[in-house]
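Engineer: I'd like to ask you about the structure that follows.
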Amino acid sequence: MWTSQMIVAPAFVDAAAKDLATIGSAISRANAEALVPITALLPAGADDVSAAIAALFATHGQAYQELSAHAVAFHEQFVQLMSAGAAQYASAEAANSSPLQIVGQTALDAINSPVQTLTGRPLIGNGANGVAGTGQNGGDGGWLYGNGGNGGSGGTGQNGGNGGSAGL
Numbered sequence: 023m024w025t026s027q028m029i030v031a032p033a034f035v036d037a038a039a040k041d042l043a044t045i046g047s048a049i050s051r052a053n054a055e056a057l058v059p060i061t062a063l064l065p066a067g068a069d070d071v072s073a074a075i076a077a078l079f080a081t082h083g084q085a086y087q088e089l090s091a092h093a094v095a096f097h098e099q100f101v102q103l104m105s106a107g108a109a110q111y112a113s114a115e116a117a118n119s120s121p122l123q124i125v126g127q128t129a130l131d132a133i134n135s136p137v138q139t140l141t142g143r144p145l146i147g148n149g150a151n152g153v154a155g156t157g158q159n160g161g162d163g164g165w166l167y168g169n170g171g172n173g174g175s176g177g178t179g180q181n182g183g184n185g186g187s188a189g190l
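In the working numbering, the protein residues as written are 23 to 190.
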């Protein structure tokens with residue numbers, strides 16, 4: 023049986039919630055500015071027909087404002103739920119960071135340390151990427167296993183760096 027998987031980056035969800043909040047603020051400002059022009063219409067003339075048309079449009083303007091208030095409330099609730107969701111995903115990520123990862127990294131450091139001291143390269147691991155805009159070379163990967171780091175891009179009129187050597 024196949025199950026679907028979902029990957030969520032809490033920082034992106036939080037950024038989306040902030041963007042939505044900004045949009046909501048702009049909508050609220052626009053609705054506030056439109057309040058008087060669409061709800062307090064003056065009749066075009068002094069006759070009964072003009073007064074009735076102005077009253078009809080004012081009624082529709084008030085209905086729009088009521089509907090808009092509901093939409094703003096829904097939007098604010100949606101933004102709050104997205105922000106809370108981002109926080110919950112971040113909490114879940116923190117809670118699920120495995121203590122075994124720490125043990126594994128400690129063991130890897132114990133294996134790599136003497137080899138790196140002697141040769142300048144780890145036994146297992148990827149090389150660091152060169153810094154962008156500097157033309158710096160990428161770091162070498164591990165002797166047995168690992169990818170070399172990407173060379174950094176060059177500045178204006180400068181070549182980019184070489185990629186680091188990979189393992190076996």
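For every residue, glycine included, the Cβ atom is placed at its ideal position computed from N, Cα and C.
Let me make sure I understand the geometry here. Which of Ile146, Gly174, Ser72 has the alpha-carbon closest to that of Gly152?
Structural biologist: When each option's Cα is compared against that of Gly152, the closest is Gly174.
Engineer: Using only CA atoms, which one of Ala108, Ser187, Ala66 lies nearest to Phe34?
Structural biologist: For Phe34, the nearest C-alpha among the options comes from Ala108.
Engineer: Which residue comes first and which comes last in the alpha helix (DSSP H) that contains Ala66?
Structural biologist: Segment: none, Ala66 is in no alpha helix (DSSP H) and carries neither H nor E.
Engineer: Could you compute how far the alpha carbon of Asp162 sits from the alpha carbon of Gln123?
Structural biologist: Computed Cα separation, rounded: 23 Å.
Engineer: With a Cβ-Cβ cutoff of 9 Å, do Gly186 and Ala154 count as a contact?
Structural biologist: No, the Cβ-Cβ distance between Gly186 and Ala154 is not below 9 Å.
Engineer: For Leu166, I'd like the list of residues in its chain whose CB is within less than 7 Å of its CB, leaving aside the five on either flank, ordered along the chain.
Structural biologist: Result list for Leu166: Leu145, Ile146, Gly189, Leu190, in chain order.
Engineer: So what's Ile45 in DSSP terms, helix, strand or just coil?
Structural biologist: Ile45 falls in the helix class under three-state DSSP.
Engineer: Within 10 angstroms of its Cβ, does Arg143 collect 16 or more other Cβ (buried), or is it exposed?
Structural biologist: Arg143 is buried by the Cβ-count criterion.
Engineer: Hey, Val101 and Ala54 are a contact pair by Cβ (cut 8 Å); roughly how many whole angstroms apart?
Structural biologist: With 8 Å as the limit, Val101 and Ala54 do not qualify as a contact, their Cβ atoms being about 18 Å apart.
Engineer: Taking just the CA atoms, how far does Ser50 sit from Ala114?
Structural biologist: Their Cα atoms are separated by approximately 34 Å.
Engineer: Which of helix, strand or coil does DSSP assign to Ile146?
Structural biologist: If DSSP states are grouped into helix, strand and coil, Ile146 belongs with the strands.
Engineer: Short check: CB of His92 to CB of Ile45, under 9 Å?
Structural biologist: Cβ distance not < 9 Å, so His92 and Ile45 don't count as in contact.
Engineer: Considering only the beta carbon of each residue, do Gly183 and Asn148 sit closer than 9 Å?
Structural biologist: No.
Engineer: Ala39 and Met104: beta carbons closer than 9 Å?
Structural biologist: Yes. Within cutoff.
Engineer: Going straight from the alpha carbon of Leu63 to that of Val94, what length do you get?
Structural biologist: C-alpha separation (whole angstroms): 24 Å.
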